[in-house]
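K.L.:
Our numbering numbers the first residue of the sequence shown as 6 and each following residue consecutively.
Cβ coordinates follow ideal geometry from the N, Cα and C atoms, glycine included.
In this text, all values refer to a predicted model and were calculated from it rather than measured experimentally.
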Amino acid sequence: MAMVSIFILGNYIRFVKGVFAMSVIEIATPGTSLAVRKGMLSVNATLIPVEDIDLVIAETAAVSVSGAVLALLAENGVEFVTCDTRHRPVASLFPVAAGATLAPRILRRQAALTPRRRRALWRRIVQAKLRMQAAALPQQSHAARRLIRLSGEIAPGDPGNIEAQAARLYWPALLGSDFRRHASDDANAMLDFGYAVVRAVISRQLHAAGLHRSLGLHHENEENDGNLSDDLIEPFRPVVDTRVRALLTEGAEMDKQTRARLAELPDWPVKSGREWVRCRTAAARLARSLRDAIDGGGTALVLPDSIGSEDDAGRMAEDVGSRIL
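#1: So, does the stretch 191-211 touch the stretch 269-289, judging by three or more C-beta pairs under 8 Å?
#2: My parser needs the beta strand (DSSP E) runs of 3 or more residues fully inside the stretch 246-327; what are they?
#3: In whole angstroms, what separates the C-alpha of Ala265 from that of Phe241?
#4: Enumerated in chain order, which unbroken segments of the alpha helix (DSSP H) with a length of 4 residues or greater are wholly contained in the stretch 67-112?
#5: For Ser47 versus Leu39, is the C-beta distance shorter than 8 Å?
#6: Could you pull out every residue in the same chain whose Cβ sits closer than 7 Å to the Cβ of Ala178, ignoring the five residues on either side in sequence?
#7: Could you have a look at Ile238 and say whether DSSP puts it in helix, strand or coil?
#8: Can you find at least 3 beta carbon pairs, one from the stretch 269-278 and one from the stretch 301-321, that sit closer than 8 Å?
#9: Tell me which same chain residues have a C-beta within less than 7 Å of the C-beta of Arg91, skipping the five on either side of it?
#10: Taking the alpha-carbon of Ile130 as reference, which of Thr254, Ser69, Pro243 and Pro35 has the nearest alpha-carbon?
#11: Comparing C-alpha positions only, which one of Gly82, Arg151 and Leu253 sits nearest to Arg218?
#12: Quick one: residues in its chain with C-beta nearer than 7 Å to the C-beta of Thr263, no 5 flanking neighbours on either side, listed in chain order?
#13: Flag Met137 as yes if its beta-carbon sits less than 8 Å from any beta-carbon of chain C, otherwise no.
#14: Would you identify the three-state DSSP class for Ala40, choosing helix, strand or coil?
#15: By Cβ distance below 7 Å, which residues in the same chain neighbour Ala105 in space, the five residues on each side in sequence not counted?
#16: Let me check you understand the geometry: is the CB of His224 closer than 7 Å to at least one non-hydrogen atom of the ligand MG?
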């Protein structure tokens, strides 16, 4: 894969077969200026088609962003995220309305989902999350086998909070007994950064599918405009977790190189609908299947069920333009 990098981190800006690849643009250089020129995003005078951007992350506070830039990104469903001094995402901007494909019928049906149907859909999502957690662990390990069993015990709405039981089993098996989620360390900073990248991709796919991301299935925080994004990210979290584990095993710290590698997560392979696809494609399939379920009255969702390896990712990087999406 040919790659051209332009003073930006993340996935950098990649040109594949003469066109931009979808990108996570991470602004880390103080004094960087973002503007709109010729209908495109201009980063220090370099023009980038907005349709080729998944996410813009401002790592530095010393960045100039015009209102026109924020409007352009919002109109195209691209999230703009700012980070604190530890590189943890702390704020984001996303459009208040869903995509142009939104039909009033879909919005009414999304808002009118009964608690019973929301619980049924949430059950499928949590089941997929536990199966993906199992896929992140050695397949014959006690923890992996237990996670698979737990996934079959989840009732609609998960009233037994099996998701939390699974977490207590999963994290020590993945990152060791000393790991504590939400501690102030590199591991948690990597996790938070990776989740923000994947969440932005999911938000954009919800936007494209015409769903309102504030109307969640399980998450219902009135102050959160991304409740549905927080629902749908759950089965994708283990993809981030496995990448973070690999980075920690290599001795990586939360630096420029690590953030660049985490920004590649939208292109990481997962199995969805019996074929290997990129995370971004799996997210699009899930968003569309949720829209169809809401519109048609069903509960069938196209969910990821397996995580690709480094070798799978390498092969997929060489297959741009092929049947691998």
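P.N.:
Checking against the coordinates, here is how it stands:
#1: In this structure the stretch 191-211 lies against the stretch 269-289, because at least three pairs of beta carbons, one per stretch, are closer than 8 Å.
#2: Restricting attention to beta strand (DSSP E) runs no shorter than 3 residues, the stretch 246-327 encloses them at 274-277, 280-283 and 309-312, ordered along the chain.
#3: For the purposes of this step, residue 265 is taken as the residue at position 260 of the sequence shown. For the purposes of this step, residue 241 is taken as the residue at position 236 of the sequence shown. So the two alpha carbons sit approximately 19 Å from each other.
#4: List check, alpha helix (DSSP H) in window: 72-80.
#5: In the sequence shown, the residue the question calls residue 47 occupies position 42. In the sequence shown, the residue the question calls residue 39 occupies position 34. Judged by their CB atoms, Ser47 and Leu39 are nearer to each other than the 8 Å cut-off.
#6: Position 173 of the sequence shown, counted from the first residue, corresponds to residue 178. So the list reads Leu142, Ser146 and Ala148, once near-sequence residues are dropped.
#7: Position 233 of the sequence shown holds residue 238. In the three-state reduction of the DSSP assignment, Ile238 falls in the coil class, being assigned neither a helical nor a strand state.
#8: Flag = yes, the stretch 269-278 and the stretch 301-321 touch.
#9: Position 86 of the sequence shown holds residue 91. Result list for Arg91: Ala194, in chain order.
#10: Numbered from 1 along the sequence shown, position 125 holds the residue referred to as residue 130. Selected option, being the one with the closest Cα: Pro243.
#11: On the sequence shown, residue 218 is found 213 positions in, with the first residue counted as 1. When Gly82, Arg151 and Leu253 are compared, the shortest CA-CA separation from Arg218 is found for Gly82.
#12: Taking the sequence shown and counting its residues from 1, the one referred to as residue 263 is at position 258. Closer than 7 Å at the Cβ level, and outside the excluded window around Thr263, lie Met195, Leu252 and Ala257.
#13: Looking at the structure shown, chain C is missing, and only one protein chain is on hand.
#14: For this step, residue 40 is matched to residue 35 along the sequence shown. The answer is strand: DSSP assigns Ala40 an E or B state.
#15: For the purposes of this step, residue 105 is identified with residue 100 of the sequence shown, where counting begins at 1. In this prediction, Ala105 scores a pLDDT of 47, lower than 50, which makes its location untrustworthy; no coordinate-derived value is stated.
#16: As presented, the structure is devoid of all ligands, the ligand MG included, so that no description of it is given.
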